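Below is one structure, written out as structure tokens; the observations come after it.
2 protein chains.
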Amino acid sequence: MITCLAGGVGAARFLEGLVRAVPPADITAVVNTGDDTVLHGLHISPDLDTVTYTLAGAINREMGWGLEGESWAAMEALERYGGETWFRLGDRDLATHLYRTHQLGQGAPLSEVTAQITRAWGLELTLLPMTDDRVATRIKPPGREAIGFQEWFVGERHATPVEAVEFEGIAASTPAPGVIAALSDAEVVVVCPSNPIVSIGPILGVPGVADALRARRESVVAVSPIIAGKALKGPADTLMADLGHEASVAGVARLYAEVAGTLVVDEADHDQVAAVEAEGMRCVVTPTVMNGSESAAALASTVLGAAILDSGR
Amino acid sequence: MITCLAGGVGAARFLEGLVRAVPPADITAVVNTGDDTVLHGLHISPDLDTVTYTLAGAINREMGWGLEGESWAAMEALERYGGETWFRLGDRDLATHLYRTHQLGQGAPLSEVTAQITRAWGLELTLLPMTDDRVATRIKPPGREAIGFQEWFVGERHATPVEAVEFEGIAASTPAPGVIAALSDAEVVVVCPSNPIVSIGPILGVPGVADALRARRESVVAVSPIIAGKALKGPADTLMADLGHEASVAGVARLYAEVAGTLVVDEADHDQVAAVEAEGMRCVVTPTVMNGSESAAALASTVLGAAILDSGR
Numbered sequence: 001m002i003t004c005l006a007g008g009v010g011a012a013r014f015l016e017g018l019v020r021a022v023p024p025a026d027i028t029a030v031v032n033t034g035d036d037t038v039l040h041g042l043h044i045s046p047d048l049d050t051v052t053y054t055l056a057g058a059i060n061r062e063m064g065w066g067l068e069g070e071s072w073a074a075m076e077a078l079e080r081y082g083g084e085t086w087f088r089l090g091d092r093d094l095a096t097h098l099y100r101t102h103q104l105g106q107g108a109p110l111s112e113v114t115a116q117i118t119r120a121w122g123l124e125l126t127l128l129p130m131t132d133d134r135v136a137t138r139i140k141p142p143g144r145e146a147i148g149f150q151e152w153f154v155g156e157r158h159a160t161p162v163e164a165v166e167f168e169g170i171a172a173s174t175p176a177p178g179v180i181a182a183l184s185d186a187e188v189v190v191v192c193p194s195n196p197i198v199s200i201g202p203i204l205g206v207p208g209v210a211d212a213l214r215a216r217r218e219s220v221v222a223v224s225p226i227i228a229g230k231a232l233k234g235p236a237d238t239l240m241a242d243l244g245h246e247a248s249v250a251g252v253a254r255l256y257a258e259v260a261g262t263l264v265v266d267e268a269d270h271d272q273v274a275a276v277e278a279e280g281m282r283c284v285v286t287p288t289v290m291n292g293s294e295s296a297a298a299l300a301s302t303v304l305g306a307a308i309l310d311s312g313r
Numbered sequence: 001m002i003t004c005l006a007g008g009v010g011a012a013r014f015l016e017g018l019v020r021a022v023p024p025a026d027i028t029a030v031v032n033t034g035d036d037t038v039l040h041g042l043h044i045s046p047d048l049d050t051v052t053y054t055l056a057g058a059i060n061r062e063m064g065w066g067l068e069g070e071s072w073a074a075m076e077a078l079e080r081y082g083g084e085t086w087f088r089l090g091d092r093d094l095a096t097h098l099y100r101t102h103q104l105g106q107g108a109p110l111s112e113v114t115a116q117i118t119r120a121w122g123l124e125l126t127l128l129p130m131t132d133d134r135v136a137t138r139i140k141p142p143g144r145e146a147i148g149f150q151e152w153f154v155g156e157r158h159a160t161p162v163e164a165v166e167f168e169g170i171a172a173s174t175p176a177p178g179v180i181a182a183l184s185d186a187e188v189v190v191v192c193p194s195n196p197i198v199s200i201g202p203i204l205g206v207p208g209v210a211d212a213l214r215a216r217r218e219s220v221v222a223v224s225p226i227i228a229g230k231a232l233k234g235p236a237d238t239l240m241a242d243l244g245h246e247a248s249v250a251g252v253a254r255l256y257a258e259v260a261g262t263l264v265v266d267e268a269d270h271d272q273v274a275a276v277e278a279e280g281m282r283c284v285v286t287p288t289v290m291n292g293s294e295s296a297a298a299l300a301s302t303v304l305g306a307a308i309l310d311s312g313r
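If you're matching them up, the sequences are chains A and B in order.
Residues 1 to 313 (our numbering) are what the first sequence spells out, left to right.
Residues 1 to 313 (our numbering) are what the second sequence spells out, left to right.
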């Protein structure tokens with residue numbers, strides 16, 4: 001059994017590789033829901049959907065979100081009303097949100113709805129939301145009130161500087177059913193190459209999660225989303241810098257050292273091994289850029305190998 | 001100024017005629033919202049939308065609901081999840097519900113959202129929901145719990161017999177802003193050829209509405225939706241019969257006599273004039289089947305003429 005902590009695109013790509021390296025039924029992904037938002041009355045879980053659509057082979061690869069071959073009739077019609085269309089919801093994607101919202105409205109927890117949705121897409125791995133409770137990542141720009149994560153990430157294209165990040169509701173949240181067991185019982189836990197602050201941060205913030213990882217730190221392997229000081233995609237680098245972290249693999253190591261024993265970094269950072277080790281983590285150097293499921297599978301194998309070697313030491 | 005009490009399809013067709021007979025800006029329609037429902041978390045107002053889409057020339061005429069040239073990608077995708085698809089929501093139609101739900105969620109009253117939506121469609125007449133409060137028409141079949149109106153009307157194709165109809169929340173509701181003034185100040189009030197029980201019934205049930213009509217009964221004209229004992233469309237006839245009313249123009253007259261001075265009936269009921277008059281209403285006989293906006297405009301003119309003649313007596 002392998003358990004992964006997952007955000008959106010980077011995690012989805014890693015998981016695409018992992019399901020080629022390990023039987024999917026042996027994989028559990030604990031997915032960030034801090035990005036979840038309610039738009040037009042619909043409950044939207046961007047990270048859960050990105051992982052689901054990617055593993056179902058249905059993601060729009062160019063955009064990195066949404067469904068391939070999607071149509072946009074609803075959004076176009078919403079423009080007639082001057083409605084909020086900055087968060088684009090495709091027609092078929094809408095069905096996911098309609099279904100989720102309906103089921104949640106009937107009292108089903110998000111974890112149950114997620115299981116139904118992934119089953120409908122034929123996924124064999126288990127996706128667990130980090131919590132069934134409502135946690136909302138909020139971004140505070142300097143000199144302004146905090147705004148919702150999606151308003152910042154999509155609405156402002158994450159171009160606005162960030163003074164602080166808060167996870168509303170997290171202290172009172174509890175891990176979704178199965179999360180702690182999946183973290184404790186797995187042979188290996190992988191922290192996917194996701195944004196350490198706003199993708200992995202909320203998962204680690206759910207009470208009990210970080211403790212479960214600390215208790216088995218030696219077989220927890222994180223993959224750095226930062227390569228040579230830059231995020232391949234998204235704002236991990238600028239966000240880390242804005243919040244006073246070094247946007248480097250050493251900066252990532254500092255964030256993860258308490259919960260993970262090993263950091264996997266890209267070859268471009270081969271000269272940073274000592275810096276990572278100085279933070280108390282082992283460091284494995286390997287190609288981490290995933291251009292397809294081949295390279296993702298290779299990365300997954302290396303990550304698993306590193307964990308098993310490490311924990312076997 | 002003309003004010004109409006309106007349900008869905010029959011009212012929409014009548015209003016299509018009325019806007020040819022009277023400047024649209026002089027028309028207010030008070031629309032039933034008892035049919036409103038929440039599906040997939042979205043607030044759906046079927047009668048408001050049917051009237052809006054019809055007057056915008058955008059209705060699907062064959063179906064009598066929804067938009068012409070609609071696409072169904074969201075519903076088809078919802079089937080993947082085994083979601084509830086008995087109430088078909090087209091992709092562009094969804095935008096209306098997304099917009100309405102969002103605005104209501106922001107605290108806007110339904111009347112304000114309705115004004116925004118009708119403005120977006122270029123309508124010049126005023127549509128007012130009967131109330132900004134939540135009123136839910138519920139249908140009680142014999143030997144079963146009451147079900148939501150749409151579950152009965154769409155889900156069970158109104159084939160299930162009805163023991164009772166209730167309007168949940170109506171006693172505590174108040175007329176939407178402008179409703180009472182529109183009813184009191186109009187030169188003529190028209191009760192459109194809509195279902196007397198479940199379309200006009202809820203409107204009359206909102207506290208203050210029936211009183212406002214009683215106070216000016218002589219210039220209130222109702223158009224019978226029953227022709228020769230049958231409803232042209234929908235379950236008005238069977239519903240009246242189920243509830244112990246005669247499914248005839250005389251039965252309609254009995255339901256409306258307190259609030260309307262005149263009943264307009266179809267030529268097919270020319271032999272029912274005495275029966276209508278026996279209920280205390282004047283009776284005007286004219287073709288009432290609306291095959292297009294020509295015949296609807298002719299009916300509208302006759303209805304207005306009847307009201308003005310009557311109130312001038």
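The beta-carbon is built from N, C-alpha and C at its ideal position, and this holds for glycine as well.
Keep in mind it's a predicted model, so treat the numbers as computed, not measured.
Inset, instruction - Could you check if Pro177 of chain B is buried or exposed, using at least 16 other CB atoms within 10 Å of its CB as the buried criterion? - result: Under this definition Pro177 of chain B is an exposed residue.
Inset, instruction - Could you spell out where the beta strand (DSSP E) holding Val221 of chain B opens and where it closes? - result: Element bounds for Val221 of chain B: 220 to 223.
Inset, instruction - Anything in the region 19 to 50 of chain B with a Cβ closer than 8 Å to a Cβ of chain A? List those residues in chain order, please. - result: Residues of the region 19 to 50 of chain B with a Cβ closer than 8 Å to any Cβ of chain A, in chain order: Val38, Leu39, His40, Gly41, Leu42, His43.
Inset, instruction - Identify whether Phe87 of chain B lies in helix, strand or coil by the three-state DSSP scheme. - result: The answer is coil: DSSP assigns Phe87 of chain B none of H, G, I, E or B.
Legend entry - Cβ neighbours of Leu110 of chain B in the same chain (closer than 6 Å, five flanking residues each side left out): Cβ neighbours of Leu110 of chain B beyond the five flanking positions: Pro129, Asp132.
Legend entry - Nonlocal neighbours in the same chain, by C-beta distance under 6 Å from Gly7 of chain B, ignoring five residues either side: Hits under 6 Å: Asn32, Asp47, Ser194, Asn195, Ser199.
Inset, instruction - Step through the CB atoms of chain A and report whether any lies within less than 9 Å of the CB of Ile117 of chain B. - result: Closer than 9 Å: yes.
Inset, instruction - Check whether the Cβ atoms of Val154 of chain B and Val221 of chain B lie closer than 9 Å to each other. - result: No.
Inset, instruction - Could you name the residues of chain B that Asp132 of chain A contacts, counting a contact when the two beta carbons are closer than 8 Å? - result: Chain order gives no chain B residues near Asp132 of chain A, where near means a beta carbon separation below 8 Å; the closest approach is about 17 Å.
Inset, instruction - Classify His245 of chain A as helix, strand or coil using the three-state DSSP reduction. - result: Under the three-state reduction of DSSP, His245 of chain A is assigned to coil, being neither helix nor strand.
Legend entry - Beta-carbon gap between Ala29 of chain A and Ala58 of chain A smaller than 9 Å: In this structure, Ala58 of chain A does not lie closer than 9 Å to Ala29 of chain A by Cβ.
Inset, instruction - Can you give me, in chain order, the residues of the region 284 to 304 of chain A that have a beta carbon less than 9 Å from any beta carbon in chain B? - result: For chain B, none of the residues of the region 284 to 304 of chain A brings a beta carbon within less than 9 Å of one of its beta carbons.
Legend entry - Spatially closest choice to Glu258 of chain B from B:Gly229, B:Asp211, B:Val303, by CA coordinates: Per the Cα distances, B:Asp211.
Legend entry - Exposed unless 16 or more other CB atoms sit within 10 angstroms - verdict on Ala159 of chain B: Burial check for Ala159 of chain B: the Cβ neighbour count within 10 Å stays below 16, so the residue is exposed.
Inset, instruction - Measure from the C-beta of Trp65 of chain B to each C-beta in chain A and report whether the shortest distance is under 9 Å. - result: With its beta carbon at least 9 Å from every one in chain A, Trp65 of chain B lies outside the interface.
Inset, instruction - Give the secondary structure of His102 of chain A by DSSP, where H, G and I count as helix, E and B as strand, and everything else as coil. - result: In the three-state scheme derived from DSSP, where H, G and I count as helix and E and B as strand, His102 of chain A is classed as helix.
Inset, instruction - With DSSP as the reference, label Thr33 of chain A as helix, strand or coil. - result: Thr33 of chain A: coil per DSSP, three-state reduction.
Legend entry - CB contact check: Arg216 of chain B to chain A, cutoff 9 Å: No, its Cβ sits nowhere closer than 9 Å to a Cβ of chain A.
Inset, instruction - Below 8 Å CB to CB, which residues in the same chain sit around Thr302 of chain A once its five sequence neighbours on both sides are set aside? - result: Taken in chain order, the residues that qualify are Val264, Val284, Thr286.
Inset, instruction - Give me the Cα-Cα distance between Ile203 of chain B and Asp35 of chain B, rounded to the nearest whole angstrom. - result: Using only the alpha carbons, I get a separation of about 11 Å.
Legend entry - Whole-angstrom distance between Ala115 of chain A and Glu246 of chain A, CA atom to CA atom: If you take the alpha carbons of Glu246 of chain A and Ala115 of chain A, they lie about 37 Å apart.
Inset, instruction - Indicate whether Phe87 of chain A and Leu127 of chain A have their beta-carbon atoms separated by less than 9 Å. - result: For Phe87 of chain A and Leu127 of chain A, no; Cβs fall outside 9 Å.
Inset, instruction - Give me the Cα-Cα distance between Gln150 of chain A and Asn60 of chain B, rounded to the nearest whole angstrom. - result: Each residue's Cα considered, the two are about 36 Å apart.
Legend entry - Straight-line gap, Met290 of chain A to Leu78 of chain A (C-alpha atoms, nearest Å): Between the alpha carbons of Met290 of chain A and Leu78 of chain A lies a distance of about 36 Å.
Legend entry - Assigned secondary structure, Glu183 of chain B (DSSP; H/G/I helix, E/B strand, else coil): Before going further, note that residue 183 of chain B is Leu rather than Glu in the sequence given. Leu183 of chain B falls in the helix class under three-state DSSP.
Inset, instruction - Measuring only between beta-carbons, confirm whether Thr114 of chain A sits less than 9 Å from chain B. - result: No - not a single Cβ of chain B is within 9 Å of the one on Thr114 of chain A.
Legend entry - Beta-bridge partners of Thr3 of chain A, as assigned by DSSP: Among the bridge pairs identified by DSSP, Thr3 of chain A is matched with A:Thr28, A:Val189.
Legend entry - 7 Å Cβ cut-off: residues of chain B touching Leu94 of chain A: Neighbours of Leu94 of chain A in chain B, taken as residues whose beta carbon is under 7 Å from its own, are Ala74, Leu94 in chain order.
Inset, instruction - Report the neighbours of His102 of chain A on chain B: residues whose CB is nearer than 8 Å to its CB, in chain order. - result: Near His102 of chain A (Cβ distances below 8 Å), the residues of chain B are Leu39, His40, Gly41, Gly83, Glu84.
Inset, instruction - Indicate whether at least one CB of chain B lies closer than 9 Å to the CB of Gly10 of chain A. - result: By the rule that beta-carbons nearer than 9 Å mark a contact, Gly10 of chain A does not touch chain B.
Inset, instruction - Just the C-alpha distance for Pro225 of chain B and Asp271 of chain B, rounded to the nearest angstrom, thanks. - result: Between Pro225 of chain B and Asp271 of chain B, the C-alpha separation is close to 17 Å.
Legend entry - Same chain, Cβ closer than 6 Å to Ile227 of chain A, neighbours up to 5 away in sequence not counted: So the qualifying residues of the chain are Asp266, Ala268.
Inset, instruction - Identify every run of the alpha helix (DSSP H) within the region 106 to 133 of chain A, keeping only runs that are complete inside it and at least 4 residues long; order them along the chain. - result: Taken in chain order, the whole alpha helix (DSSP H) runs of length 4 or more contained in the region 106 to 133 of chain A are 110 to 120.
Inset, instruction - State the Cα-Cα distance for the pair Leu18 of chain B and Thr118 of chain B, rounded to the nearest angstrom. - result: Here the C-alpha atom of Leu18 of chain B lies approximately 17 Å from the C-alpha atom of Thr118 of chain B.
Inset, instruction - My understanding is that Pro175 of chain B touches Val209 of chain B, with C-beta atoms under 8 Å, so please give their C-beta distance in whole angstroms. - result: Correct: roughly 6 Å between the Cβ atoms.
Inset, instruction - Would you mind reading off the limits of the alpha helix (DSSP H) that contains Val19 of chain A? - result: 9 to 21 is the span of the alpha helix (DSSP H), which, as asked, contains Val19 of chain A.
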